[in-house]
Structure formats: structure tokens, C-alpha cells
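Q: Below you'll find the structure I mean.
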Amino acid sequence: MARMYARKRGKSGSKPLYRDKPPEWVPLTPEEIEEKIVELARRGYTAAMIGIILRDQYGVPNVKQILGKKISQVLAEHNLLPEIPEDLNSLIQKAVRLRRHLMDPKHKKDYHNKRALKLIESKIKRLVKYYKRKGRLSEDWNYQKYIATLIGMGK
1160 MARMYARKRG KSGSKPLYRD KPPEWVPLTP EEIEEKIVEL ARRGYTAAMI GIILRDQYGV
1220 PNVKQILGKK ISQVLAEHNL LPEIPEDLNS LIQKAVRLRR HLMDPKHKKD YHNKRALKLI
1280 ESKIKRLVKY YKRKGRLSED WNYQKYIATL IGMGK
């Protein structure tokens, strides 16, 4: 979404893989990697954090090259996917933090962040529409900013 709200060019298109088969030096077998993914998900880690942990602690450079499927696909097979997708959840949390900032009377004229909040909420609406179309969210799921603010206040 680089070009939508800024005059910057953004990143270029996708790049070809530099490797077409799994590396030989990975210490874990595909079954062990899948077990680690399930174990880390049960501990409460998100898919992105699981990928980082596998990379940094276990020396697994790319799960998809080894297993042939993404971390989220492994989580879906084991019914461990979160109710709200990770990218949507992080955008909602960001909007909650920004709304909390703007509710403070000291920041009532913070027009830059008011615009940033509008942009974040439009991204949320586009993502919700996408996930409903893909079947990841139910059709009656709705982003309600005031409920999200109240839920975020409890954290």
C-alpha cells in the first residue's frame, strides 16, 4: 500500500527463489518442524513469531521450502489459527492505541494522527472485505471502532 497514500514508488515485484529445494544443512526433519510449529502455536505465539523463532533458534531459513506449505497452513490443519488474522489484529491494535492517544485532551489538535487513524481504519475495512471474500472471517463479522477501543483499554 505504499503508493496509495504517499508519493513514493514502493517495492518492485516479486523476486525468484534463489533455491528450489530445501537446504541440506537444516538440522530438523519436516516432521520435527511441524511439531515445533504446533508446540509454539499452543504456547500462544503468532505465525510471524513462530517463523522468527524457527529461523533464529532452530536454523530453519524457510518453512515453505522444507514443508511445502506455509506456517498458517500448518496451523489451519491443526485448528490453531486465531479467530482474527494476524495482520488485521495488529492493525486493530494500532488503531486502538492511536484512538486512545487522540482521546486525551492534550492531543485534540493532533491532525496528523487523526489522518493516520483514518488511513489505518480504511486499511482495516479493506482487509475485512478481503478476508470475508476468502472465507477467513464470517460474513457477519464487523469492525466496530468503539468496541475495539473498549477492548483495547482493558489491556
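For what it's worth, the working numbering labels the leading residue of the sequence shown as 1160, then goes sequentially. Cβ atoms here follow ideal geometry from the backbone N, Cα and C, with glycine treated the same way.
#1: First and last residue of the alpha helix (DSSP H) that includes residue 1219?
#2: What are the start and end residues of the alpha helix (DSSP H) that includes residue 1233?
#3: Rounded C-beta distance between residue 1261 and residue 1269? I'm assuming under 8 Å.
#4: Counting C-beta neighbours from all protein chains within 10 Å, is the total for residue 1249 16 or more, i.e. buried, or is it exposed?
#5: Within 10 Å of its beta-carbon, does residue 1258 have 16 or more other beta-carbons around it, so buried, or fewer, so exposed?
#6: I'd like the list of long-range same chain contacts for residue 1306, defined as Cβ closer than 8 Å, with 5 residues on each side in sequence excluded.
#7: Out of 1292, 1182, 1233 and 1208, which one is the CA nearest neighbour of residue 1221?
A: To lay it out plainly:
#1: Unbroken run through residue 1219: none, as it is neither H nor E.
#2: For residue 1233, the uninterrupted alpha helix (DSSP H) run begins and ends at 1230 to 1236, by DSSP.
#3: Contact flag correct, Cβ pair sits at about 6 Å.
#4: Counting the other CB atoms within 10 Å of its CB gives residue 1249 a total below 16, which places it among the exposed residues.
#5: Looking at its Cβ environment, which holds 16 or more other Cβ atoms inside 10 Å, residue 1258 is buried.
#6: Within the same chain, residue 1306 has no close Cβ partners at all.
#7: Among 1292, 1182, 1233 and 1208, the Cα nearest to that of residue 1221 is on 1182.
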